[in-house]
Each structure stands twice: as structure tokens, then as C-alpha cells.
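Protein chains: 2
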Amino acid sequence: MSQIPLARRSPVPPESCNLAKAIDIIGDRWTLLILRAALYGVRRFDDFQAELSCPRTVLSGRLKNLVEAGLLTKRSYKSPGKRARPEYTLSSMGLSLRPILIGLTQWGDAWLGQGETPPISFTKAGSKSAIRAAFVDLEGREVRPDQIRAVLRG
Amino acid sequence: MSQIPLARRSPVPPESCNLAKAIDIIGDRWTLLILRAALYGVRRFDDFQAELSCPRTVLSGRLKNLVEAGLLTKRSYKSPGKRARPEYTLSSMGLSLRPILIGLTQWGDAWLGQGETPPISFTKAGSKSAIRAAFVDLEGREVRPDQIRAVLRG
DNA sequence: CGGAATCCGGAATGATACTG
DNA sequence: CAGTATCATTCCGGATTCCG
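Structure representation (C-alpha cells):
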């Protein structure tokens, strides 16, 4: 099944791999669900709380971590005639996770959806055909998974 | 910064979203590191353990979960003249997570790498130019992030 | 080598209540 | 609304030991 050649260790130890650092930040259930909600436009504390049904203490801590990590920006927002409220919006760092979260959603649709139609799908603006996560070369053309090669720095 | 319109709730509740199900399976630090190692060819218990430096109990539990979830396949492997050993290889379900893990690696390189050259990069076979995670339409042409539209089933 | 069983201490969770 | 404070409970990581 696996065409991957046997190895005893990975070429890059987890400590020096940026994937491990990324996992330290977002490799958490609540954190990922917060980012998911943020990508759909949720910005306020109580809205996150209603969306996630998680303890407020947990939400508070995760939001703080995400702000410190630079994925969320906390600022105060005042709608006219109302008092100011804090809101959490995605920074460009957080926004750039979008392809990954959409990719993971589509992976879930394909493997965990039990044959049902996905509740949400993604298309190109002005088109009706679906898009999917993939790899592209410098010219923006798709590279098939079996064409991918890992190159060590050296 | 964020062009995402304000929303009070996400269009799909987390319970019925396959992203949430996916997060339940892989939204865990050790699990993601196991999958990372597996994608680089690690297959055996003690090799995973040396790679991750995690308690054997933890590794044992995570491997079992991944097998039950269908991401890893456990089978017995005998090299000639030696006794049979169990080995864990990625199923096609697990292999299909590759774009996501590579995408997350590149996200980490871009935002967490502190300006250093990434220790590992990815190219198309027979080429030297880098590839990156992106979205493509049905014809395999890239779709820019600002061109992505979410469509609800209905 | 590849686990399972046991145990412990600390961290996270979750409920509830309180405050500006 | 947007948090903090408190607290019981549960869970998890880590070490150790044992076994086929």
C-alpha cells in the first residue's frame, strides 16, 4: 500500500522541523475549532463560545495563546451608537492557514463523510466547479503526489 | 486585515462538519508527529519511539487509535532470517493527508522559521523548482485564495 | 523488540459564580 | 458582553516494571 521506502528516522528531527513548531501552536482540538470559526467570520468571545460549546476559561486561554502566537489580532471595535467591544480577527499569518483548513475539511469529507454530500464545498468565484487542495509548481500547474520529492538543505 | 465578513455563527455547526471529525482524529500533537514520521518512512514501534521521544504507553495508544481510525495499517513483516515484526504503514487514507502535512510544514517554514532556510523543501520530480500547497480547479490550474467561494449544500 | 500493566503527579477540563 | 475566580474531577504524560 505504502510506496514510501522504509526509514529508521525522519531526515529532519522533529525538534528542528517547523512542522513540529506549527503543531505546537495549532495541534489542539479547541484551537483548530477556533480557527475554523474565525475563518467563517466569527469574531466575538460569546459567539466563539456559543459556536464551540467549550468552557469560557478554555476559550479565554486559547484565544490568548493565538494572539500571542500572532494568528489572531485582538482589537476593539465600536459599532455606531454602541459601546466598544473586543474582537478577534485573523492576521495574515492566520489567514494563510486557510488552504490547510479547507484541505483538512475536504479530507474529512472524503474519508469521514460516510458517503453523504459534504455540507459545504468550495468553488472558484464565478464558476460552479469544485476546487481541491493540491500542489502546484512555480507556474501554478498541479504536481501529482507521486511526483513530489523531498530535498534536504545542504 | 481580515476581508472575512462578520458572522455570529459558522454556516455549518462543528458537530456536523467533517473538519471537526478530522480534528478528533489528528488534532493531537503526538498523532501528528507520528504521521509525519510515517510519511518519511518510519514503520516500527521502536523507531517511532526514538523519533518522538515519547513514552511508550503514549505511543502504543496513539498507534492503536490510528489503526482503528484507518490511517495506519498494522501488519507483520519478516525480513529474511529474522523473526516477524509488526509494522505500521500508511493506508491510502493516511497517505492522502500528505498534502496537508506538507502544507503545514511550509506554513511553519514561512511564519515560524525565523528567517532561516527551511531544513527540507519539496520539488517536482526531475525539476529543481519548489512546489507549494495551493488550490486547483478541475483542470489542475491554480485558484488564488481570494477567488475561493464557499457553497452550502442546499 | 514490541508491547501491556501499573502508578503517580500535574495539567487541563468543565461547572458555577462573580464582576466591570 | 467579555472576561476572571474558584474548585472538583478527570485526563494525560512520564517512569517503571514485566512479559512473550
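If you read the sequences in order, they're chains W and X.
The opening residue of the first sequence carries number 960 in our numbering; numbering runs sequentially from there.
The opening residue of the second sequence carries number 960 in our numbering; numbering runs sequentially from there.
Glycine included, every Cβ here is placed at the ideal spot set by N, Cα and C.
DSSP-derived helix/strand/coil call for residue i
{"i": "W:Val971", "result": "coil"}
{"i": "X:Ala979", "result": "helix"}
{"i": "W:Thr1076", "result": "coil"}
{"i": "W:Ala997", "result": "helix"}
{"i": "W:Leu1097", "result": "coil"}
{"i": "X:Arg988", "result": "helix"}
{"i": "W:Arg1021", "result": "helix"}
{"i": "X:Ser1050", "result": "coil"}
{"i": "W:Pro1014", "result": "coil"}
{"i": "X:Leu1063", "result": "helix"}
{"i": "W:Leu1071", "result": "helix"}
{"i": "X:Pro1058", "result": "helix"}
{"i": "X:Pro1045", "result": "strand"}
{"i": "X:Ala1084", "result": "coil"}
Minimum C-alpha distance to residue i - residue among the options
{"i": "W:Gly1062", "options": "X:Ile1059, X:Pro1077, X:Thr1064", "result": "X:Ile1059"}
{"i": "X:Gln962", "options": "W:Thr1048, W:Ser1080, W:Ala1043", "result": "W:Thr1048"}
{"i": "W:Ala1089", "options": "X:Arg1042, X:Ala981, X:Leu1022, X:Val1095", "result": "X:Val1095"}
{"i": "W:Pro964", "options": "X:Lys1023, X:Leu998, X:Asp987", "result": "X:Leu998"}
{"i": "X:Arg1034", "options": "X:Leu1022, X:Arg1044, X:Leu1097, X:Ser1080", "result": "X:Arg1044"}
{"i": "W:Leu1056", "options": "W:Ser975, W:Arg968, W:Leu1025", "result": "W:Leu1025"}
{"i": "W:Lys1087", "options": "X:Val1110, X:Gly1040, X:Gly1099", "result": "X:Val1110"}
{"i": "W:Gly1072", "options": "X:Ser969, X:Glu974, X:Arg968", "result": "X:Glu974"}
{"i": "W:Trp1070", "options": "X:Ala966, X:Ser969, X:Leu978, X:Gly1099", "result": "X:Leu978"}
{"i": "W:Asp1068", "options": "X:Asp1005, X:Cys976, X:Ile1079, X:Pro1078", "result": "X:Cys976"}
{"i": "X:Pro972", "options": "W:Pro1078, W:Gly1085, W:Arg1042, W:Gln1106", "result": "W:Pro1078"}
{"i": "X:Leu1022", "options": "X:Ser1080, X:Tyr1036, X:Ser1038, X:Asp987", "result": "X:Asp987"}
{"i": "W:Pro970", "options": "X:Gln1106, X:Ser1080, X:Pro970", "result": "X:Ser1080"}
{"i": "W:Gly1085", "options": "X:Asp1105, X:Asp1005, X:Ser1038, X:Ala1084", "result": "X:Asp1105"}
Residue-chain proximity (residue i, chain X), Cβ-Cβ < 8 Å
{"i": "W:Ile993", "result": "no"}
{"i": "W:Lys1083", "result": "yes"}
{"i": "W:Val1001", "result": "yes"}
{"i": "W:Phe1094", "result": "yes"}
{"i": "W:Pro973", "result": "yes"}
{"i": "W:Ala1037", "result": "The sequence shown places Lys at residue 1037 of chain W, rather than the Ala named in the question. Cβ-Cβ to chain X under 8 Å: no for W:Lys1037."}
{"i": "W:Gly1040", "result": "no"}
Residues near residue i in its chain [Cβ-Cβ closer than 7 Å; skip 5 each side]
{"i": "X:Cys1013", "result": "Trp989"}
{"i": "X:Phe1007", "result": "Ile993, Ala996, Val1001, Leu1018"}
{"i": "X:Glu1010", "result": "Ala996, Val1001"}
{"i": "W:Arg967", "result": "none"}
{"i": "X:Lys1041", "result": "none"}
{"i": "X:Leu1097", "result": "none"}
Beta-carbon proximity check, residue i vs residue j, cutoff 8 Å
{"i": "W:Thr1064", "j": "X:Arg1112", "result": "no"}
{"i": "W:Gly1053", "j": "W:Leu1031", "result": "yes"}
{"i": "X:Ser1050", "j": "X:Gly1029", "result": "yes"}
{"i": "W:Arg1108", "j": "X:Thr1082", "result": "yes"}
{"i": "W:Leu991", "j": "W:Ile984", "result": "no"}
{"i": "X:Ala1092", "j": "W:Ala1092", "result": "yes"}
Residues near residue i in its chain [Cβ-Cβ closer than 6 Å; skip 5 each side]
{"i": "X:Arg1003", "result": "Glu1046"}
{"i": "X:Tyr1036", "result": "Arg1044, Glu1046"}
CB contact below 8 Å: residue i versus chain W
{"i": "X:Gln1008", "result": "no"}
{"i": "X:Leu1025", "result": "no"}
{"i": "X:Cys1119", "result": "This structure cannot speak to residue 1119 of chain X, because chain X is shown only from 960 to 1113."}
{"i": "X:Lys1033", "result": "no"}
{"i": "X:Ala1043", "result": "no"}
{"i": "X:Arg958", "result": "This structure does not reach residue 958 of chain X, given that chain X is present from 960 up to 1113, and the question cannot be answered."}
{"i": "X:Gly1074", "result": "no"}
{"i": "X:Val1017", "result": "no"}
heavy atom of the ligand ZN below 7 Å from residue i C-beta
{"i": "X:Pro1014", "result": "The ligand ZN is not part of this structure, which contains no ligands at all."}
Same chain, Cβ closer than 8 Å to residue i, five either side skipped, listed in chain order
{"i": "W:Glu1101", "result": "Ala1093, Phe1094, Val1095"}
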